[in-house]
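If you're matching them up, the sequences are chains A and B in order. Under our numbering, the first residue of the first sequence carries the number 10, and numbering increases by one thereafter. Under our numbering, the first residue of the second sequence carries the number 4, and numbering increases by one thereafter. Here the structure is laid out as structure tokens; the discussion comes afterwards.
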Amino acid sequence: MLYTNDAYTPYEAEVVEFIKEHHDIFTIRVKFTDPEMDKKYVFRPGQFNMIYLYGVGEVAISIVNDRNHQAGRFEHTIQVVGRITKGMMKLQTGDKIGIRGPFGTAWPMEEAKGKDVIIVTGGLGNAPLVAATEEVLKNREQYGKLRVLHGIRSSDLLIYDEMYTRWNNSPETQVLMATSNADPVDNGKWTWGKGFVTNFIPELGVDYANSIVMTVGPEPMMIGVAKAFIAAGVKPENVYVSIERSMKCAIGHCGHCQLGAQFVCKDGAVYPYPACEELLKVKGL
Amino acid sequence: MSHYYFLPHQRIDDMLDALKSDGYNCVAPRHHDGAINYDTLNKASELPWGFHDEQAPGHYAVKKTDHQHAFGFVLPTTSVKPMLFKAKENVWKVARNEAGKLAFEPIVEFDKIAVFGVRPCDLRGIEIQDRVFMGNSYNDVRYVKRRENQFLIAMNCTKSHSNCFCTALGDSPQADKGFDLAMTELDGEGFVVEIGSEKGRKLIDQLNLVASSGGQAQKALARIEYAADGQRKTLPPIKEVEAKLMANLEHPQWDDVASRCLSCGSCTQVCPTCFCHTERDEPNVLGTETNHTREWDSCFSIDHSYTHGDTYRAEPKYRYRQWLTHKFSTWREQFRTKGCVGCGRCVTWCPVKIDVVDEINAICK
Numbered sequence: 010m011l012y013t014n015d016a017y018t019p020y021e022a023e024v025v026e027f028i029k030e031h032h033d034i035f036t037i038r039v040k041f042t043d044p045e046m047d048k049k050y051v052f053r054p055g056q057f058n059m060i061y062l063y064g065v066g067e068v069a070i071s072i073v074n075d076r077n078h079q080a081g082r083f084e085h086t087i088q089v090v091g092r093i094t095k096g097m098m099k100l101q102t103g104d105k106i107g108i109r110g111p112f113g114t115a116w117p118m119e120e121a122k123g124k125d126v127i128i129v130t131g132g133l134g135n136a137p138l139v140a141a142t143e144e145v146l147k148n149r150e151q152y153g154k155l156r157v158l159h160g161i162r163s164s165d166l167l168i169y170d171e172m173y174t175r176w177n178n179s180p181e182t183q184v185l186m187a188t189s190n191a192d193p194v195d196n197g198k199w200t201w202g203k204g205f206v207t208n209f210i211p212e213l214g215v216d217y218a219n220s221i222v223m224t225v226g227p228e229p230m231m232i233g234v235a236k237a238f239i240a241a242g243v244k245p246e247n248v249y250v251s252i253e254r255s256m257k258c259a260i261g262h263c264g265h266c267q268l269g270a271q272f273v274c275k276d277g278a279v280y281p282y283p284a285c286e287e288l289l290k291v292k293g294l
Numbered sequence: 004m005s006h007y008y009f010l011p012h013q014r015i016d017d018m019l020d021a022l023k024s025d026g027y028n029c030v031a032p033r034h035h036d037g038a039i040n041y042d043t044l045n046k047a048s049e050l051p052w053g054f055h056d057e058q059a060p061g062h063y064a065v066k067k068t069d070h071q072h073a074f075g076f077v078l079p080t081t082s083v084k085p086m087l088f089k090a091k092e093n094v095w096k097v098a099r100n101e102a103g104k105l106a107f108e109p110i111v112e113f114d115k116i117a118v119f120g121v122r123p124c125d126l127r128g129i130e131i132q133d134r135v136f137m138g139n140s141y142n143d144v145r146y147v148k149r150r151e152n153q154f155l156i157a158m159n160c161t162k163s164h165s166n167c168f169c170t171a172l173g174d175s176p177q178a179d180k181g182f183d184l185a186m187t188e189l190d191g192e193g194f195v196v197e198i199g200s201e202k203g204r205k206l207i208d209q210l211n212l213v214a215s216s217g218g219q220a221q222k223a224l225a226r227i228e229y230a231a232d233g234q235r236k237t238l239p240p241i242k243e244v245e246a247k248l249m250a251n252l253e254h255p256q257w258d259d260v261a262s263r264c265l266s267c268g269s270c271t272q273v274c275p276t277c278f279c280h281t282e283r284d285e286p287n288v289l290g291t292e293t294n295h296t297r298e299w300d301s302c303f304s305i306d307h308s309y310t311h312g313d314t315y316r317a318e319p320k321y322r323y324r325q326w327l328t329h330k331f332s333t334w335r336e337q338f339r340t341k342g343c344v345g346c347g348r349c350v351t352w353c354p355v356k357i358d359v360v361d362e363i364n365a366i367c368k
């Protein structure tokens, strides 16, 4: 977005659809009300927006591809965690919100070309990687095999069911789902397993030496995933993670998102694993 | 021809008048209620004539003497920071009509401000904050406008207080850049003036100031040297400090300092370089308009690292470590400069007398 005026002030946007994903998870489809903004706004997979709820405040939320593939529309999948997200749960179609963005670094879609792509997510970590997955499928011939691994506590918590089905039916693509706390309910649509997503490593059928891993989930999970795939033969510099920290401004001014010398909002949130490996090891950094 | 000029005490008012007629609101350190702080300066007689300040760990006091100087104190309680990056301000507002339509409007307020008397450490503090709010990926338009409309008159130090440590950081109590004019006070006489910008030259020409005598200029330099010699604190070379702090993130000293630190954040509130802030909405009662505010925050507040239901720096030692390592180490990578100017305010205003220099030396020895 071109901030010719002020990077602090949001632009008005409209909720074109509200999708309830789960009891505390919802997706809003959004478009800018100014058609000029609609044309100008371009995001790269992995970037995030600051979403503003009138009278309440702003939160940083990753940008999900528009599932209807309509230009000028994008989605945000949000979990109710605090005051602002709780208020956003009450949004309805036609409601006006504010958007600033896009901010932050993107998934390495160029670097991934010619490689097998392994998407590994946990919990709601699947939202920030939808756009990257869609990017691979949109330019299918430029990438190798695609494996989408997702871990959740129990199978009834799954969101994006239709999307996973579509992905699993795409060429050279396989969706593998693992549950940690309960036995999986096999829906016949894709592979289910019990335990951690890393258990799938021996059966992915990819060339690990020429693979790229993109992972989002809780920090201990991302660290575990990075270690396991590196042990399987993926080059450390080909493992990418996305880090979450508190953000008030998203432009490197407010200081909240610091991790060592990093401002996660502008130097991240997507990092090559070696760039943040040491920082993630330090408790309380 | 000497490039130093002389402004007699009797002509301060002429300088203020010239600045005022150029549209500047003049601001200077003034004495109020037992403290010296920046405030509007209408005339020279309002300067803190004869006042001295005492600063020590957890201690601040001012005393009236019969000395004939306006800048006999060392340091105002706050820096110039609040004039540029305000403690709290509305950054934008949004109106909502009955149909729910939102109209966003940035709020960019600024004045022409001339600061009469900025200590060299605070001048360096401005330069450091410039890199946060102007030389960064994104500018803050409010900060940029205020900087563009600022006239800075530096006041070299002629004395140090016991918490000063600019020399330990390799800096000096003499302003080297970033000013329109830099002055050094000679008791009972006036100021030796150095020009730092075109704006400054214009003002000196307008006032028709005469060149200072060689004796005056020499006396001024001797007084600055006296200030430098008055500092007792030492640190290892800053590059060594920067490397050692990050190499000692699990040092027992972090636990030690955490057992004393109250996490009150006073140090961050008086610091000329701290830039952390939070943003929040302040809606009106009718629900028709909301002001979006930006307000100073502190890495010592427990909310500072709150993310998605988790607090990354829940323990005070992690918060103290964040503050110290940021200021004295990671700042370099972020902004290609150090994050401290050695003003010593964090030591003076610490209610439990924690001295940042002692803490660094304990970790880096």
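Ideal placement from N, C-alpha and C gives every residue a C-beta, glycine not left out. Just so you know, these numbers come straight off a predicted model, no measurement behind them.
Would you mind reading off the limits of the alpha helix (DSSP H) that contains residue i?
| i | result |
| --- | --- |
| Y63 of chain B | Run containing Y63 of chain B: none in the alpha helix (DSSP H); it sits in the beta strand (DSSP E), H62 to K67. |
| K23 of chain B | I15 to S24 |
| C29 of chain B | That residue, C29 of chain B, is in no alpha helix (DSSP H); its beta strand (DSSP E) goes N28 to H35. |
| N364 of chain B | V359 to C367 |
| E228 of chain B | G217 to D232 |
| D258 of chain B | P255 to R263 |
| S269 of chain B | S269 to V273 |
| I198 of chain B | Looking at the DSSP string, I198 of chain B is not in any alpha helix (DSSP H); the run it does join, the beta strand (DSSP E), is G193 to I198. |
| V273 of chain A | V273 to D276 |
Taking buried to mean at least 16 other C-beta atoms within 10 Å of its own C-beta, is residue i buried or exposed?
| i | result |
| --- | --- |
| V260 of chain B | buried |
| D232 of chain B | exposed |
| P11 of chain B | exposed |
| D358 of chain B | buried |
| S255 of chain A | buried |
| R149 of chain B | buried |
| V194 of chain A | exposed |
| D15 of chain A | buried |
| K104 of chain B | exposed |
| K236 of chain B | buried |
| L11 of chain A | Reliability fails at L11 of chain A, whose pLDDT of 45 lies under 50, so the model's placement of it is uncertain and the value that follows must be treated cautiously. Answer is exposed; the Cβ neighbour count stays below 16. |
| T81 of chain B | buried |
| I106 of chain A | buried |
| M4 of chain B | Interpretation of M4 of chain B is limited by its pLDDT of 37, a score under 50 that renders its predicted location unreliable; no figure is taken from the coordinates. |
| A220 of chain B | buried |
| K124 of chain A | buried |
| E243 of chain B | exposed |
Can you tell which of the options has its C-alpha closest to the C-alpha of residue i?
| i | options | result |
| --- | --- | --- |
| A365 of chain B | B:T296, B:H254, B:N294 and B:G345 | B:H254 |
| F107 of chain B | B:F136, B:E292 and B:R297 | B:E292 |
| E286 of chain A | A:V248, A:C274 and A:G81 | A:V248 |
| V97 of chain B | B:C343, B:C277, B:G290 and B:G218 | B:G290 |
| F238 of chain A | A:G103, A:I128 and A:V65 | A:I128 |
| A250 of chain B | B:K356, B:D258, B:C367 and B:L265 | B:C367 |
| P229 of chain A | A:G131, A:G277, A:A187 and A:G202 | A:G131 |
| V118 of chain B | B:A31, B:V360, B:E282 and B:H72 | B:A31 |
| V243 of chain A | A:I210, A:H265 and A:Q267 | A:I210 |
| R175 of chain A | A:V139, A:G64, A:D165 and A:L100 | A:V139 |
| D190 of chain B | B:T161, B:P275 and B:V273 | B:T161 |
| N139 of chain B | A:K290, A:S71, A:G293 and A:K275 | A:K275 |
| T18 of chain A | B:R324, B:I131 and B:N294 | B:N294 |
| T188 of chain A | A:V126, A:R162, A:A80 and A:G64 | A:R162 |
What distance in whole Å lies between the Cβ atoms of residue j and residue i, which are believed to be in contact at a cut-off of 8 angstroms?
| i | j | result |
| --- | --- | --- |
| N28 of chain B | D125 of chain B | That pair is no contact at about 18 angstroms. |
| I135 of chain B | F9 of chain B | Reading off the sequence shown, one finds Val at residue 135 of chain B, where the question assumed Ile. Not quite, the Cβ-Cβ distance comes to about 37 angstroms (not below 8 angstroms), so this is no contact. |
| G181 of chain B | L155 of chain B | 7 angstroms |
| K330 of chain B | C343 of chain B | 5 angstroms |
| F74 of chain B | M158 of chain B | 5 angstroms |
| I227 of chain B | P176 of chain B | 6 angstroms |
| Y7 of chain B | V213 of chain B | That pair is no contact at about 10 angstroms. |
State the start and end residues of the unbroken beta strand (DSSP E) segment that holds residue i.
| i | result |
| --- | --- |
| G120 of chain B | I116 to V121 |
| W299 of chain B | E292 to W299 |
| E101 of chain B | No beta strand (DSSP E) holds E101 of chain B; DSSP gives it neither H nor E. |
| T36 of chain A | I34 to F41 |
| Q56 of chain A | Premise fails: Q56 of chain A is in no beta strand (DSSP E) and is neither H nor E. |
| K109 of chain A | It is worth fixing the name first, because residue 109 of chain A is Arg in this sequence and not Lys. Segment K105 to F112, the beta strand (DSSP E) holding R109 of chain A. |
Segments assigned beta strand (DSSP E), at least 3 residues, entirely inside the region 145-189 of chain B: With a minimum length of 3 residues, the continuous beta strand (DSSP E) runs that stay inside the region 145-189 of chain B are 153-158 and 184-189.
Minimum length 4: unbroken alpha helix (DSSP H) runs contained in the region 122-166 of chain A: 139-147
Inside the region 277-343 of chain B only - alpha helix (DSSP H) runs reaching at least 4 residues: If we require 4 residues or more, the alpha helix (DSSP H) runs fully inside the region 277-343 of chain B come out as 319-328 and 334-338.
Complete runs of the alpha helix (DSSP H) confined to the region 188-252 of chain A [at least 4 residues]: DSSP runs (the alpha helix (DSSP H)) wholly in the region 188-252 of chain A: 228-240.
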